[in-house]
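Asker: Residue numbers (our numbering), protein chains in the order written: chain X, 1 to 115; chain A, 1 to 845.
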Ligand code: SRM
Ligand SMILES: Cc1cc2nc3c(=O)[nH]c(=O)nc-3n(C[C@H](O)[C@H](O)[C@H](O)COP(=O)(O)OP(=O)(O)OC[C@H]3O[C@@H](n4cnc5c(N)ncnc54)[C@H](O)[C@@H]3O)c2cc1C
Ligand code: SF4
Ligand code: FES
């Protein structure tokens with residue numbers, strides 16, 4: 001990751017409140033110049049991966065359906081439906097493709113991301 | 001310790017396959033490998049080269065696995081051409097004056113396009129068509145051109161013609177022979193292909209020898225033909241055959257063929273036992289194979305032989321091909337021209353549909369020798385297997401090419417194929433390999449492809465691979481496609497019943513009772529649709545939000561660049577000038593691309609999520625409703641003008657279409673539904689291609705059902721005749737509800753009917769004769785859905801909670817900066833990746 005002038009990329013950034021995200025869906029957060037897809041599961045755990053879909057090249061992963069395949073928690077790209085692991089960013093259909101994963105945590109109902 | 005030095009010249013598709021084969025057999029510790037690659041990038045998919053013009057980038061075409069060279073410490077010398085082989089010193093010299101020593105050398109230099117010796121052939125604006133670089137210069141030149149001409153009407157020539165057409169040029173093909181694809185097609189097949197291609201607007205000129213190319217009067221060049229005619233054009237692409245890259249081998253005094261090609265033996269060795277040649281540069285048994293599959297076979301043989309398997313042999317390859325040329329399916333198998341003595345031809349032509357099929361059968365009628373298919377190549381896989389495996393012909397071979405009559409099935413059960421039958425020729429996968437992998441646990445198509453590599457190159461074998469998988473699974477007692485997904489061991493129909501009779505209204509409840517896990521992008525939208533069909537709860541309800549596909553979530557259709565399109569409802573296609581003006585004004589205000597759809601409506605493209613509510617606020621205020629183009633729901637009811645205006649119309653088709661559309665709008669179903677009403681038998685609304693089609697008669701309406709356009713067109717079946725208005729609606733109510741209850745996920749009515757035991761007669765009994773006694777129940781269910789209809793957009797823009805989802809960033813009002821548009825023909829369109837480079841004139845909205 002290259003350094004960007006506008007914000008310190010190694011820092012934690014507030015993106016929204018937990019209840020801004022409907023359980024089992026995602027939102028897209030702007031962190032510096034990066035688009036981060038943040039998902040909230042029904043157990044209120046949160047996950048963050050890059051919002052860019054490498055197959056369609058559109059910034060849309062936050063709009064995918066969340067679920068699991070063989071135990072792996074995934075989001076399905078809304079465009080061509082490839083699945084990406086929310087834990088590792090790995091694409092399940094194509095071993096050569098992986099999207100960046102970011103640190104994310106919830107503190108006092110506020111969602112923080114480090115991108 | 002390294003024991004051997006291996007040098008490979010050429011990193012095309014075959015050279016790369018060779019490297020992968022050798023890497024799988026010999027450890028990189030043992031071998032020191034250097035690869036010379038004249039092109040600026042490592043191997044890419046030349047077969048799909050033309051897709052570069054359809055938006056694929058060099059990266060999409062790449063065929064080298066990630067970190068392939070790095071992980072194996074293979075030295076790849078890009079942009080470096082080998083210029084000399086010194087066999088005495090066992091050294092290869094390259095343009096960068098590097099000498100690299102070898103113990104074993106592999107030539108994978110491929111071939112180059114032949115440019116006929118026409119005076120003027122080197123003029124500016126004359127190109128060949130072989131590499132990404134060639135395509136880049138052609139594309140640049142096309143921007144300044146209006147007319148493009150391809151010299152050569154063979155396989156590659158027609159591909160090049162497609163490319164020129166895609167680039168927006170008036171396109172001509174000039175062929176020396178009297179017909180197109182003279183190698184693969186006979187006269188009648190060539191004629192049909194020509195007609196099909198001409199219908200697409202490409203000009204075809206056969207029996208034309210080009211004498212010279214000189215300055216043109218109107219366009220840049222004038223091509224002068226031997227018969228005295230001439231053609232003016234701005235750019236020229238030569239596609240008059242290929243010639244093997246054998247110059248290095250020639251200079252090193254290796255044996256080469258009379259007409260070129262490096263002579264190889266059955267182990268792919270050249271006349272020097274330390275040098276191998278594979279792919280399009282190699283000449284085996286007097287022939288050069290211009291296809292990739294035989295090259296792959298050579299690559300494997302050479303790698304195995306080098307690794308010490310003395311019995312690895314190349315014994316020729318099949319030259320059958322199947323292609324889509326300018327959208328026309330063309331296939332040629334075996335002895336397509338019928339040169340075997342005593343052979344017999346069976347021919348079927350349908351000039352209207354543009355289909356030509358020919359079987360070449362052995363004189364004794366027992367075996368299939370060759371096939372030509374133009375216009376419809378669906379049976380390619382089956383016929384290829386029959387030819388290659390000598391499977392005995394049925395009693396009436398003509399049934400193999402005649403259109404299937406009602407009830408009759410033809411073709412060949414994959415069960416009949418021997419284990420040795422080669423199913424995927426690109427990757428040398430036999431039926432036995434597939435069965436073994438299936439037995440070993442690869443029981444989904446994805447797993448099977450991953451395990452065997454079958455169907456991962458040209459994809460031509462896909463349908464057969466699927467058939468074999470289904471057949472093997474069935475043998476093992478596995479129910480093939482019943483279960484919705486890994487989370488629910490039920491079909492959609494079964495789930496529908498569980499939901500309806502269990503009175504379940506939330507995904508979590510269904511999961512707790514009947515499923516396992518968290519669900520996925522298959523079962524979630526399917527259950528959302530079932531909830532909507534059963535309870536007609538607003539799909540926007542927060543508890544259904546996580547279940548909806550993005551289209552249903554945002555009530556608009558997602559486009560390739562992340563924007564959305566908007567199709568307001570225009571019932572029956574009838575629209576006032578005032579409303580047309582509103583659409584135009586809204587499109588103008590928000591800078592949207594507008595297009596008339598294939599279904600009598602107007603589509604507005606290029607809206608960002610945060611613009612959708614603003615746009616719909618204006619549309620709703622002007623009286624528009626959601627058109628549900630985003631949902632698995634009723635799309636449109638097309639109509640013709642009918643008796644109101646048309647001098648032949650016998651009923652008011654527009655009014656009926658509007659009534660039907662307003663009755664069934666918004667209803668969710670297993671797949672989308674389309675309908676139409678025509679005012680007389682001339683059928684201008686194409687009702688017989690719809691899920692529900694209504695055609696006016698003197699006495700009332702004829703009702704047709706289960707028609708389909710799309711991938712596999714099907715004409716609708718007549719369900720009932722001469723109905724009055726009320727009975728017509730009653731029957732449609734019952735029919736739709738019956739389909740909604742029993743259809744599979746994403747199963748249109750056409751496929752539903754084809755899988756329904758008893759077919760249309762059974763549907764008629766249920767719908768018209770109420771044989772199951774559920775008629776009243778079906779009508780009541782439908783009436784409930786009709787009564788609870790709400791316009792989703794009207795609801796959405798008035799609900800602040802729902803409005804919250806319409807923004808790109810949760811923490812910023814900025815739009816997505818990735819959305820870049822360019823202007824074309826006076827409207828926006830998404831920029832292609834290469835157009836996003838800085839410095840170009842672009843519109844960022
Ligand atoms: C916009 C439109 C093309 C156009 O510019 O004219 C269109 C566009 C799409 N069609 Fe279509 N179809 C459009 C009319 C048709 C028609 C013609 C018609 O409806 O009279 C057909 C053939 C008739 C039929 O369906 O029987 C048609 C057969 C398909 C099919 C094949 C369906 C099948 O059963 O084989 C698909 C694929 C699918 O649904 O799975 C498809 C899928 C699509 C999708 C949804 C593909 C996708 O996933 O992105 C396209 C997205 C629409 C969008 O707005 O983003 N579209 N599509 C047409 C919208 C009509 C409308 O006003 O709602
Ligand atoms: C537009 C198009 C469509 C096609 N469609 C099909 C199809 O549908 N089906 C099919 O089976 N086949 C198709 N083909 C043919 C297929 O692409 C070839 O059979 C295949 O690419 C041959 O692979 P190869 O590795 O032998 O040669 P190539 O792919 O030509 O690779 C040879 C490489 O070696 C390099 N090279 C040559 N000399 C030297 C040197 N001295 N030093 C360093 N590098 C050198 C070349 O630059 C090239 O990169 C198509 C070809 C084209 C152009
Ligand atoms: S035919 Fe339909 S699905 Fe295909 S590109 Fe055109 S609009 Fe899209
Ligand atoms: S035949 Fe080409 S991928 Fe199988």
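The C-beta atom is built at its ideal place from N, Cα and C for all residues, glycine as well. In this text the structure is predicted, and so the values were computed from the model without any measurement.
How many whole angstroms separate the CB atoms of residue 542 of chain A and residue 46 of chain X, which I take to be in contact at a CB cut-off of 8 angstroms?
Answerer: Not quite, the Cβ-Cβ distance comes to about 18 angstroms (not below 8 angstroms), so this is no contact.
Asker: Are residue 371 of chain A and residue 14 of chain A touching if we call contact CB-CB under 9 angstroms?
Answerer: Contact flag unset, no.
Asker: Three-state secondary structure (DSSP) at residue 53 of chain A?
Answerer: Residue 53 of chain A falls in the coil class under three-state DSSP.
Asker: Buried or exposed: residue 847 of chain A, going by 16 or more other Cβ atoms within 10 Å of its Cβ?
Answerer: With chain A covering only 1 through 845, there is no way to say anything about residue 847 of chain A.
Asker: Mind listing which residues of the region 544 to 575 of chain A have their C-beta closer than 9 angstroms to chain X's C-betas, in chain order?
Answerer: The region 544 to 575 of chain A vs chain X, Cβ under 9 angstroms: 545, 546, 547, 548, 549, 550, 551, 553, 554, 558, 559, 560, 561, 562 and 563.
Asker: With three or more beta-carbon pairs closer than 8 angstroms as the criterion, would you say the region 666 to 678 of chain A touches the region 686 to 697 of chain A?
Answerer: Verdict: yes, contact present.
Asker: May I ask you to list, following chain order, the residues of the region 65 to 77 of chain X that have a beta carbon less than 8 angstroms from some beta carbon of chain A?
Answerer: Those would be 65, 66, 67, 68, 69, 70, 71, 73, 74 and 76, in chain order.
Asker: Applying the criterion that 16 or more other CB atoms from any shown protein chain within 10 Å of the CB defines a buried residue, is residue 771 of chain A buried or exposed?
Answerer: Looking at its Cβ environment, which holds fewer than 16 other Cβ atoms inside 10 Å, residue 771 of chain A is exposed.
Asker: Is the beta carbon of residue 461 of chain A within less than 8 angstroms of some heavy atom of ligand 2?
Answerer: Not so, every heavy atom of ligand 2 lies at least 8 angstroms from the Cβ.
Asker: Where does residue 839 of chain A land, buried or exposed, given buried means 16+ other C-beta within 10 angstroms?
Answerer: Annotation note: pLDDT 48 at residue 839 of chain A (below 50); position unreliable, coordinate value reported separately. By the neighbour-count rule (16 or more Cβ atoms within 10 Å), residue 839 of chain A is not buried but exposed.
Asker: With respect to 8 angstroms, is the separation between the Cβ of residue 80 of chain A and the closest non-hydrogen atom of ligand 2 below this value?
Answerer: It does: the Cβ of residue 80 of chain A is within 8 angstroms (strictly closer) of some heavy atom of ligand 2.
Asker: Quick check: what's the CA-CA separation for residue 408 of chain A versus residue 647 of chain A?
Answerer: Confidence is the limiting factor: at residue 408 of chain A the pLDDT is only 39, short of 50, which leaves the residue's position unreliable and the question unanswerable from this model.
Asker: At a cut-off of 8 angstroms, is residue 531 of chain A close to ligand 2 when judged by its beta-carbon and the heavy atoms of the ligand?
Answerer: Not so, every heavy atom of ligand 2 lies at least 8 angstroms from the Cβ.
Asker: Okay, do the region 577 to 596 of chain A and the region 649 to 658 of chain A touch, 3+ Cβ pairs below 8 angstroms being the bar?
Answerer: Result no; under three Cβ-Cβ pairs closer than 8 angstroms.
Asker: Give me the chain A residues within the contact set of residue 30 of chain X, using Cβ-Cβ distance strictly less than 9 angstroms, ordered along the chain.
Answerer: What residue 30 of chain X touches in chain A: 808, 809, 810, 811, 812 and 814.
Asker: Under 9 angstroms, CB to CB, which of the residues in the region 16 to 49 of chain X have a partner in chain A?
Answerer: From the region 16 to 49 of chain X, only 16, 20, 21, 22, 23, 24, 25, 27, 28, 29, 30, 31, 33, 35, 38, 41 and 42 have a Cβ closer than 9 angstroms to chain A.
Asker: Less than 8 angstroms between C-beta atoms, sequence neighbours within five positions excluded: which residues of the same chain meet that for residue 81 of chain A?
Answerer: Closer than 8 angstroms at the Cβ level, and outside the excluded window around residue 81 of chain A, lie 36, 38, 94 and 95.
Asker: How would you label residue 352 of chain A, buried or exposed, when you count the other beta carbons within 10 angstroms and need 16 or more for buried?
Answerer: Residue 352 of chain A comes out exposed.
Asker: With 16 as the cutoff for other CB atoms within 10 Å, does residue 748 of chain A come out buried or exposed?
Answerer: So residue 748 of chain A counts as buried.
Asker: Can the beta-carbon of residue 248 of chain A be found closer than 9 angstroms to that of residue 84 of chain A?
Answerer: Yes.
Asker: Residue 186 of chain A to residue 397 of chain A, Cα distance in whole Å?
Answerer: Straight-line Cα distance between these residues: approximately 20 angstroms.
Asker: Give me whichever residues DSSP pairs with residue 113 of chain A in a beta bridge.
Answerer: BP columns for residue 113 of chain A point to A:242.
Asker: Nearest chain A C-beta to residue 56 of chain X closer than 9 angstroms, yes or no?
Answerer: True, the Cβ-Cβ gap to chain A drops below 9 angstroms.
Asker: Interface residues of chain X around residue 66 of chain A at Cβ under 7 angstroms?
Answerer: Residues of chain X passing the Cβ test: 96.
Asker: Between residue 526 of chain A and residue 558 of chain A, which are expected to be in contact by the criterion C-beta below 8 angstroms, what is the C-beta distance as a whole number of angstroms?
Answerer: With a Cβ gap of about 18 angstroms, residue 526 of chain A and residue 558 of chain A do not count as contacting.
Asker: List, in chain order, every chain A residue whose beta-carbon is nearer than 8 angstroms to that of residue 114 of chain X.
Answerer: Within chain A, no residue comes near residue 114 of chain X; the closest Cβ sits about 15 angstroms away, beyond 8 angstroms.
Asker: Less than 8 angstroms between the CB atoms is what I'm expecting for residue 181 of chain A and residue 148 of chain A, so what's the real figure, rounded?
Answerer: At roughly 20 angstroms, the Cβ-Cβ gap does not stay under 8 angstroms, so residue 181 of chain A and residue 148 of chain A are not in contact.
Asker: Would you kindly work out how many angstroms separate the C-alpha atoms of residue 773 of chain A and residue 470 of chain A, rounded to a whole number?
Answerer: Each residue's Cα considered, the two are about 36 angstroms apart.
Asker: Using a C-beta cutoff of 9 angstroms, does residue 101 of chain X count as contacting chain A?
Answerer: Answer no: the Cβ-Cβ gap between residue 101 of chain X and chain A never drops below 9 angstroms.
Asker: Quick check: is any heavy atom of ligand 2 less than 8 angstroms from the C-beta of residue 155 of chain A?
Answerer: At least one heavy atom of ligand 2 is nearer than 8 angstroms to the Cβ of residue 155 of chain A, so yes.
Asker: Could you check how far apart the C-beta atoms of residue 744 of chain A and residue 608 of chain A are, in whole angstroms? I think they sit under 8 angstroms.
Answerer: Not a contact, Cβ separation roughly 35 angstroms.
Asker: Quick one: what does DSSP say residue 667 of chain A is sitting in, helix, strand or coil?
Answerer: Residue 667 of chain A falls in the coil class under three-state DSSP.
Asker: Taking a contact to mean a Cβ-Cβ separation below 9 angstroms, would you say residue 218 of chain A touches residue 232 of chain A in this structure?
Answerer: For residue 218 of chain A and residue 232 of chain A, yes; Cβs fall inside 9 angstroms.
Asker: Against residue 110 of chain X, what residues of chain A qualify as contacts under a CB-to-CB distance less than 8 angstroms, listed in chain order?
Answerer: Within 8 angstroms Cβ-Cβ: nothing; residue 110 of chain X doesn't reach chain A, min ~11 angstroms.
Asker: For a test of the three-state rule: what should DSSP assign to residue 678 of chain A, helix, strand or coil?
Answerer: Correct three-state label for residue 678 of chain A: strand.
Asker: In its own chain, which residues sit with a C-beta less than 6 angstroms from the C-beta of residue 203 of chain A, not counting the 5 before and 5 after it?
Answerer: The residues are 172.
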